[in-house]
Amino acid sequence: AQSVTQLDSQVPVFEEAPVELRCNYSSSVSVYLFWYVQYPNQGLQLLLKYLSGSTLVKGINGFEAEFNKSQTSFHLRKPSVHISDTAEYFCAVILIQGAQKLVFGQGTRLTINP
Amino acid sequence: GAGVSQSPRYKVAKRGQDVALRCDPISGHVSLFWYQQALGQGPEFLTYFQNEAQLDKSGLPSDRFFAERPEGSVSTLKIQRTQQEDSAVYLCASSLQGSSNQPQHFGDGTRLSIL
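If you're matching them up, the sequences are chains A and B in order.
Numbered per our numbering, the first sequence spans residues 55 to 168.
Numbered per our numbering, the second sequence spans residues 574 to 688.
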């Protein structure tokens with residue numbers, strides 16, 4: 055079975071500071087990796103995905119993530135955050151072949167302070 | 574439509590009542606998924622359809638939960654004899670094809686509260 059661990063339940067940062075949200079996963083077979091963002095009372099919006107190729111992937115709103123196979127990590131980064139980035143962020147994996155379901159981490163609440 | 578539409582947005586029911594939650598996927602999307610998101614948690618998979626066929630229902634927590642997609646478009650998640658532990662946000666997602674590299678597009682969810 056697959057599992058996803060988001061190492062920080064809450065991350066407070068000041069506006070315009072850099073941020074890193076950590077994600078580690080466990081799987082005995084190959085997976086694709088995703089980061090989603092959830093604003094209050096809304097569904098999940100795809101930030102970025104890693105399917106293959108370059109391990110550094112760029113997404114929307116200035117976010118990027120780096121896939122590290124040896125450390126089974128997929129950390130999300132942004133060099134300078136804005137108040138509007140305040141939201142819940144979820145890391146997720148899906149089997150490349152097999153069950154068509156996303157397995158999510160517990161989420162990280164990003165709070166931006168002015 | 575432009576996105577995945579779920580209704581109602583909020584549902585309050587008394588314990589023991591039956592509820593039905595509706596999902597309208599993006600037009601033309603073959604795959605449809607239901608997830609349950611408890612307060613402060615990540616979404617958890619419930620069930621998956623490819624067109625009208627329910628290919629995976631391994632996440633349904635009990636036989637009180639039932640989902641259908643009879644014409645391969647709109648889907649309904651039904652919960653019978655609701656219990657307090659059923660209180661959660663129920664998210665629907667759709668994707669263009671039945672392959673893992675296709676992103677899943679989520680609706681805004683139905684927040685179910687069982688009194």
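Using N, Cα and C, we set each Cβ at its ideal position, and we do this for glycine too.
Cutoff 6 Å; reference residue i; Cβ partners in own chain excluding five residues on either side
{"i": "A:Phe88", "result": "Lys103, Ala146"}
Pairwise C-alpha distance: residue j and residue i
{"i": "B:Gln670", "j": "A:Leu156", "result": "15 Å"}
{"i": "B:Arg637", "j": "B:Leu650", "result": "11 Å"}
{"i": "A:Ser124", "j": "A:Leu100", "result": "25 Å"}
{"i": "A:Val135", "j": "B:Gln657", "result": "38 Å"}
{"i": "B:Phe618", "j": "A:Ala55", "result": "13 Å"}
{"i": "B:Ser648", "j": "B:Cys596", "result": "5 Å"}
{"i": "A:Phe128", "j": "B:Gln675", "result": "19 Å"}
{"i": "A:Arg76", "j": "A:Gln60", "result": "6 Å"}
{"i": "A:Glu70", "j": "A:Ser108", "result": "27 Å"}
Assigned exposure category for residue i - 16 Cβ within 10 Å defines buried
{"i": "B:Gln677", "result": "buried"}
{"i": "B:Ala666", "result": "buried"}
{"i": "B:Thr704", "result": "Residue 704 of chain B falls outside the range modelled here, since chain B spans only 574 to 688, and no answer is possible."}
{"i": "A:Ile137", "result": "exposed"}
{"i": "A:Gln64", "result": "exposed"}
{"i": "B:Thr655", "result": "buried"}
Residue closest to residue i, alpha-carbon to alpha-carbon, out of the options
{"i": "B:Ser580", "options": "B:Asn674, B:Ser600, B:Ser668, B:Val662", "result": "B:Val662"}
{"i": "B:Val603", "options": "B:Gln614, B:Gln627, B:Ala586, B:Gln590", "result": "B:Gln627"}
{"i": "A:Lys132", "options": "A:Asn95, A:Gln92, A:Val111", "result": "A:Val111"}
{"i": "B:Gly615", "options": "A:Asn167, A:Leu164, A:Gly159, A:Thr165", "result": "A:Gly159"}
{"i": "B:Leu633", "options": "B:Gly680, B:Ser673, B:Val585, B:Tyr608", "result": "B:Tyr608"}
{"i": "A:Ser81", "options": "A:Gly152, A:Gln96, A:Leu164", "result": "A:Gly152"}
{"i": "A:Gln154", "options": "B:Leu612, B:Gly589, B:Phe622", "result": "B:Phe622"}
Sequence-distant residues of the same chain with beta carbon closer than 7 Å to residue i, five excluded per side
{"i": "B:Lys587", "result": "Leu688"}
Same chain only: Cβ atoms within 8 Å of residue i, ignoring 5 sequence neighbours per side
{"i": "A:Gln92", "result": "Leu98, Gln99, Ala141, Glu142, Tyr143, Phe144, Gly161"}
{"i": "A:Val85", "result": "Gln56, Tyr79, Val147, Ile148, Leu149, Ile150"}
Cross-strand partners of residue i (DSSP beta bridge)
{"i": "A:Asn167", "result": "A:Phe68"}
{"i": "B:His678", "result": "B:Ser667"}
{"i": "A:His129", "result": "A:Glu120"}
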